[in-house]
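Worksheet: one structure, shown below.
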Amino acid sequence: MERLFQLKEHGTTVKQEIIAGITTFLTMAYIIFVNPSILSMTGMDKGALITVTCLASAIGTAITAFWVNAPLAMAPGMGLNAFFTFTLVLGNGATWEQALGVVFISGVIFLALTFSGLREKIIDAIPAEIRLAVGAGIGLFIAFIGMQGMGLIVSNPATIVSLGKFNLNVVLGLIGFAIMGFLEMRKVKGGILVGIVLTTILGIIFGAVELPSQIISMPPSPAPIALKLDVLGAIKPIFLGSIFSFMFVDLFDSLGTIMACAHEAEMIDEKGKIKNVSKILEADAVATVIGSLLGTSTTTTFVESASGIAVGGRTGLTALTTAILFAISLFFSPLIGVVPAFATAPALILVGVYMFKNLLDINFHNIEVAIPCFLIIILMPLTYSISIGISFGFISYILVCIFNKKISHVKPIMWAIGFFSVIELMFK
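Going by numbering that gives the first Met the number 0, the first residue of the sequence shown is number 0, and it counts up by one from there.
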């Protein structure tokens, strides 16, 4: 362990790293329930999705452990799975095989940008507040999806949406949200996971959920979705904007997580720069490519890694512990499979709350910033599309700079991003 992870150099121990890895797993294990619930709406096999979610998380996190030696965990990203389902498949009419092809292509481009050094130039070209608005908009979007999932919000021909009836599923979902909120306020590790489990148990008690016939079994085969991606079918003009949206969101997610965790994990060098940031992003891109081959949406660095870092995680041993626990979860698919939508929907809402906090760092007093940021945030849920929100934000930022005679503020790469955003909207 010392040779692999340099524990003494990082001032940590095997015990401390294992505890940190368990903590990280508990705070992000909800993805095992939520990701299959969202992606199965596309027609993908839910049992296979449970297996693939565990595999993608275990493999991506293990890559981080050995390649980067950092206490960071990876899994299919929240928001990105919603984009996959509601924008690409249900919105743009793509097959889920084509959508996996889009994820694969975006991962390959992300990897190429990381190795070429263009990644930093793209980051510098996009104003920080617009990047924050993307996160807040995705948070609002997935919270909206969560409210629909539990039946709190329903469609209405007169007003488009309205409040749903308070049936058993809605009441149980609201109780689940209250439980999760209470546990998170009390800073209970794995509060979201505990909330999902308790809500499912309540569903069993009230007859809304059937008990599984067994608890442990061999994992469901990933064959129905593994290696089924349609890369050639994804190379169409209509999917061009989606490819870049996946790449941008993954880049923003990863960087945001890395910056949030770096100081606590003592990953800052003497020059104030994040150690091995290129390697982390390379691992992220490789995990995305592998995930698309397995059959899931974009894999990204999870901000829940901060929970393990907070209790002392400093090396890849923390990540390896988390990866092993995801692998063990493969054998509990009967339990995972019975978790209902009204138990996972509150998790979406709470994750949305956390992502929406990005608003605090956006200066809405500056109209030049306010217009593009507002359009990004409001249009994601209203158009049911992350890519449309991003496209309007980028285009409006460029137009605001033109109208305000600040064209010099628009960097060359931003013009290219704006061009692709226009293409994205033209093919809607």
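Built from N, CA and C at the ideal position, the CB exists for glycine as well.
**Item:** C-beta atoms of I224 and M43 nearer than 9 Å
**Value:** The residue given as residue 224 occupies position 225 in the sequence shown. The residue given as residue 43 occupies position 44 in the sequence shown. Cβ atoms of I224 and M43: closer than 9 Å.
**Asked** Among the residues of its own chain, which have a CB less than 6 Å from the CB of F143, if the five just before and after it don't count?
**Response** Locating residue 143 in the sequence shown gives position 144, counting from the first residue. For F143, same chain residues with a beta-carbon under 6 Å away, outside a window of 5 residues either side, are P380 in chain order.
**Prompt:** Residue range of the alpha helix (DSSP H) that P345 falls in?
**Reply:** Numbered from 1 along the sequence shown, position 346 holds the residue referred to as residue 345. It spans 340-355 - the alpha helix (DSSP H) in which P345 sits, taken as one unbroken run.
**Prompt:** Would G202 pass as a contact of L171 if the rule is Cβ separation under 9 Å?
**Reply:** Working through the sequence shown from its first residue, we reach residue 202 at position 203. Working through the sequence shown from its first residue, we reach residue 171 at position 172. Contact flag set, yes.
**Asked** So, do the segment 31-43 and the segment 79-95 have three or more beta carbon pairs nearer to each other than 8 Å?
**Response** A contact exists between the segment 31-43 and the segment 79-95.
**Buried or exposed by the 16-neighbour rule on C-beta atoms within 10 Å, applied to H364** = Working through the sequence shown from its first residue, we reach residue 364 at position 365. With fewer than 16 other Cβ atoms within 10 Å, it is exposed.
**Message:** So, does the segment 274-291 touch the segment 314-329, judging by three or more C-beta pairs under 8 Å?
**Reply:** In this structure the segment 274-291 does not touch the segment 314-329; the number of beta carbon pairs closer than 8 Å is below three.
**Cβ pair T22, A309 closer than 9 Å** = Indexing the sequence shown from 1 puts residue 22 at position 23. Indexing the sequence shown from 1 puts residue 309 at position 310. Yes, the Cβ-Cβ distance between T22 and A309 is below 9 Å.
**Item:** Endpoints, beta strand (DSSP E) assigned at S161
**Value:** Against the sequence shown, residue 161 aligns to sequence position 162. DSSP places S161 in the uninterrupted beta strand (DSSP E) bounded by 159-162.
**Request:** State the DSSP-derived secondary structure class of T299, mapped to helix, strand or coil.
**Result:** For the purposes of this step, residue 299 is taken as the residue at position 300 of the sequence shown. Judged by DSSP in its simplified three-state form, T299 adopts strand.
**Request:** Decide if A74 is buried, meaning its Cβ has at least 16 other Cβ atoms within 10 Å, or exposed.
**Result:** If you number the sequence shown from 1, residue 74 lands on position 75. Buried, because 16 or more other Cβ atoms sit within 10 Å of the Cβ of A74.
**Request:** With DSSP as the reference, label V153 as helix, strand or coil.
**Result:** What you label residue 153 is simply residue 154 of the sequence shown in a count that begins at 1. The three-state reading of DSSP puts V153 in strand, counting E and B together.
**Request:** Could you check which residue in K164, L110, Q15 has the C-alpha nearest to that of I279?
**Result:** Here residue 279 is taken as the residue at index 280 of the sequence shown, counted from 1. It is L110 whose Cα lies nearest to the Cα of I279.
**Request:** Would you kindly report the start and end of the unbroken alpha helix (DSSP H) that includes M73?
**Result:** Here residue 73 corresponds to residue number 74 of the sequence shown, with the count starting at 1. Not the alpha helix (DSSP H): M73 falls in the beta strand (DSSP E), residues 73-75.
**Item:** Delimiting residues of the alpha helix (DSSP H) encompassing V463
**Value:** Examination of residue 463 is not possible in this model, given that the chain is present from 0 through 427 alone.
**Item:** Minimum length 4: unbroken alpha helix (DSSP H) runs contained in the segment 96-130
**Value:** Entirely contained in the segment 96-130, the alpha helix (DSSP H) runs reaching 4 residues are, in chain order, 117-124.
**Message:** On a Cα-Cα basis, can you pick out the residue from F205, I62, I376 that is closest to A135?
**Reply:** As a working note, residue 135 is residue 136 in the sequence shown. If we check each option's Cα against that of A135, I376 comes out closest.
**Request:** Confirm, please, whether the CB-CB distance from T94 to P221 is below 9 Å.
**Result:** On the sequence shown, residue 221 is found 222 positions in, with the first residue counted as 1. On the sequence shown, residue 94 is found 95 positions in, with the first residue counted as 1. No, Cβ-Cβ distance for P221 and T94 is not below 9 Å.
**Request:** Return the chain-ordered list of same chain residues with a C-beta closer than 8 Å to the C-beta of F341, the five sequence neighbours on each side being excluded.
**Result:** Stepping through the sequence shown from its first residue, residue 341 is reached at position 342. Closer than 8 Å at Cβ, skipping near neighbours: G148, M149, G150, N168, V169, L171, G172, G175, T198, G202, A207.
**Prompt:** Does the beta-carbon distance from T26 to L192 come in below 9 Å?
**Reply:** Locating residue 26 in the sequence shown gives position 27, where the first residue counts as 1. Locating residue 192 in the sequence shown gives position 193, where the first residue counts as 1. Yes.
**Item:** Terminal residues of the alpha helix (DSSP H) in which E396 lies
**Value:** As a first step, residue 396 is located in the sequence shown; it is residue number 397 there, counting from the start. The sequence given here has Tyr at residue 396, not Glu. It spans 385-402 - the alpha helix (DSSP H) in which Y396 sits, taken as one unbroken run.
**Request:** Please name the residue, chosen from L334, I17, S390, L3, that lies closest to P218 on a Cα-to-Cα basis.
**Result:** Counted from its first residue, the sequence shown places residue 218 at position 219. Ranking L334, I17, S390, L3 by Cα distance to P218 puts L334 first.
**Request:** Grab the span of the alpha helix (DSSP H) containing A28 for me, first residue to last.
**Result:** To locate residue 28, count along the sequence shown from 1; it is residue 29. Counting along the chain, no alpha helix (DSSP H) covers A28, and no H or E run does either.
**Prompt:** Residue range of the alpha helix (DSSP H) that M429 falls in?
**Reply:** Residue 429 is absent from the model: the chain starts at 0 and stops at 427.
**Message:** Please identify the residue among I129, A72, S386, N275 whose C-alpha is closest to the C-alpha of S306.
**Reply:** As a first step, residue 306 must be located in the sequence shown, where it is residue number 307. Taking the Cα of S306 as reference, the smallest distance to any Cα among I129, A72, S386, N275 is reached at A72.
**With 16 other Cβ atoms within 10 Å as the buried cut-off, status of R130** = The residue labelled residue 130 in the question sits at position 131 within the sequence shown. It counts as buried.
**Request:** Quick one: measure Cβ to Cβ for I141 and G351, integer angstroms, because I've assumed they're closer than 8 Å.
**Result:** Here residue 141 corresponds to residue number 142 of the sequence shown, with the count starting at 1. Here residue 351 corresponds to residue number 352 of the sequence shown, with the count starting at 1. Between G351 and I141 the Cβ distance is about 5 Å, and since that is below 8 Å, they are a contact.
**Request:** Verify whether the separation of the beta carbon atoms of S216 and F330 is less than 9 Å.
**Result:** On the sequence shown, position 217 is the one that residue 216 refers to. On the sequence shown, position 331 is the one that residue 330 refers to. Yes.
**Asked** Given 8 Å as the limit, is there contact between the segment 226-235 and the segment 89-105, that is, 3 or more CB pairs closer than that?
**Response** Short answer: they touch.
**Item:** Among T12, S161, I242, T300, nearest to I58 - alpha-carbon criterion
**Value:** Position 59 of the sequence shown, counted from the start, is the residue given in the question as residue 58. The candidate whose alpha carbon is nearest that of I58 is T300.
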